[in-house]
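Report on the structure given below.
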Amino acid sequence: MPNQPEFPTAESLRIRFTRDQIQSRVREMGRHIREDLHGESVVLVGVLKGAAICLADRGRAINLDCTFDFVAVSSYKSGTRSSGAVQLIKDLTEPIEGRHIIVVEDILDTGVTLSFLQSHFERHNPRSIRVAALLDKPSRRIRPIQGHYIGFSIPNEFVVGYGMDYAERYRNLPDIRILDSIPAS
Ligand code: IMP
Ligand code: MG
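The sequence shown begins at 184 in my numbering and counts up one residue at a time.
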């Protein structure tokens, strides 16, 4: 095949969080969300594609009356770089007016995606909007966004697995690993 970039094997990447660490933190966050919502129903909104895996685990961990919805934004990042522009390419399918919504993200980085989505959701008058992200890189933030539920804060490193990708690879890894050197494409 012509010029296929070589991707390091998953096993060669250093583990940042094991599947057990992830699962126990997701369960803990699920308990917090459940307590905060006092038994009220909620819409979990996953940001495709990265949050799909997280949303599946989180949905099962909160043990509340809940529905799932998904949005997708244009992938304005090529590799690890951001151009700063966000475009909605898939909107919600269910009304959120008067509902509690929790936006589920894999990782909160510059905050550009979530600040765009937050303004978008606010226009539909939900009862509340909360943000749940498994990982947070606070040192990278360029928009004033804070997650309500954060699994782990990490320094400025590029991670893959548990839904997160590099060039669409590695999303299916059960643990989170560090990609130290970015493959040339
Ligand atoms: P933000 O708009 O810069 O906050 O970007 C958030 C999105 O960038 C996440 O939903 C991920 O898709 C992607 N992203 C940011 N950091 C990483 C990373 O370390 N690994 C994989 N994807 C990342
Ligand atoms: Mg994402």
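For each residue, glycine too, the CB sits at the ideal point set by N, CA and C.
Here the structure is a predicted model, which means the values were calculated and not measured.
Continuous alpha helix (DSSP H) stretch holding residue i: start and end
{"i": "glycine 213", "result": "202 to 219"}
{"i": "threonine 296", "result": "295 to 305"}
{"i": "aspartate 240", "result": "235 to 245"}
Heavy atom of the ligand IMP within 8 Å of residue i beta-carbon
{"i": "leucine 291", "result": "yes"}
{"i": "aspartate 348", "result": "yes"}
{"i": "threonine 296", "result": "yes"}
{"i": "phenylalanine 129", "result": "In the structure as shown, the chain begins at 184 and stops at 368. Residue 129 is therefore absent and cannot be evaluated."}
{"i": "glutamate 351", "result": "no"}
{"i": "lysine 320", "result": "yes"}
{"i": "glycine 233", "result": "yes"}
{"i": "phenylalanine 335", "result": "no"}
{"i": "arginine 197", "result": "no"}
{"i": "glutamate 218", "result": "no"}
{"i": "glutamate 288", "result": "yes"}
Residue i (DSSP reduced to helix, strand or coil)
{"i": "arginine 326", "result": "coil"}
{"i": "alanine 315", "result": "strand"}
{"i": "serine 224", "result": "coil"}
{"i": "glutamate 340", "result": "coil"}
{"i": "alanine 193", "result": "helix"}
CA-to-CA distance, residue j to residue i, given in whole angstroms
{"i": "valine 343", "j": "arginine 197", "result": "10 Å"}
First through last residue of the beta strand (DSSP E) which encompasses residue i
{"i": "glutamate 288", "result": "283 to 291"}
{"i": "arginine 271", "result": "Note that residue 271 corresponds to leucine in the displayed sequence, not to arginine. That run of the beta strand (DSSP E) goes 271 to 273."}
Below 8 Å, how does it come out for the region 319 to 337 and the region 304 to 311: are there three or more Cβ pairs, yes or no? They do not touch, by the three-pair rule.
Any chance the region 242 to 255 sits against the region 227 to 234, with 3 or more Cβ pairs inside 8 Å? Three or more Cβ pairs drawn from the region 242 to 255 and the region 227 to 234 lie within less than 8 Å of each other, which places the two stretches in contact.
Does the region 214 to 224 come into contact with the region 271 to 280, if we say contact requires no fewer than three beta-carbon pairs (one atom in each stretch) closer than 8 Å? Judged by pairs of C-beta atoms under 8 Å, the region 214 to 224 does not touch the region 271 to 280, as fewer than three such pairs exist.
Does the region 288 to 295 come within contact of the region 323 to 342, defined as at least 3 CB pairs closer than 8 Å? The region 288 to 295 is in contact with the region 323 to 342.
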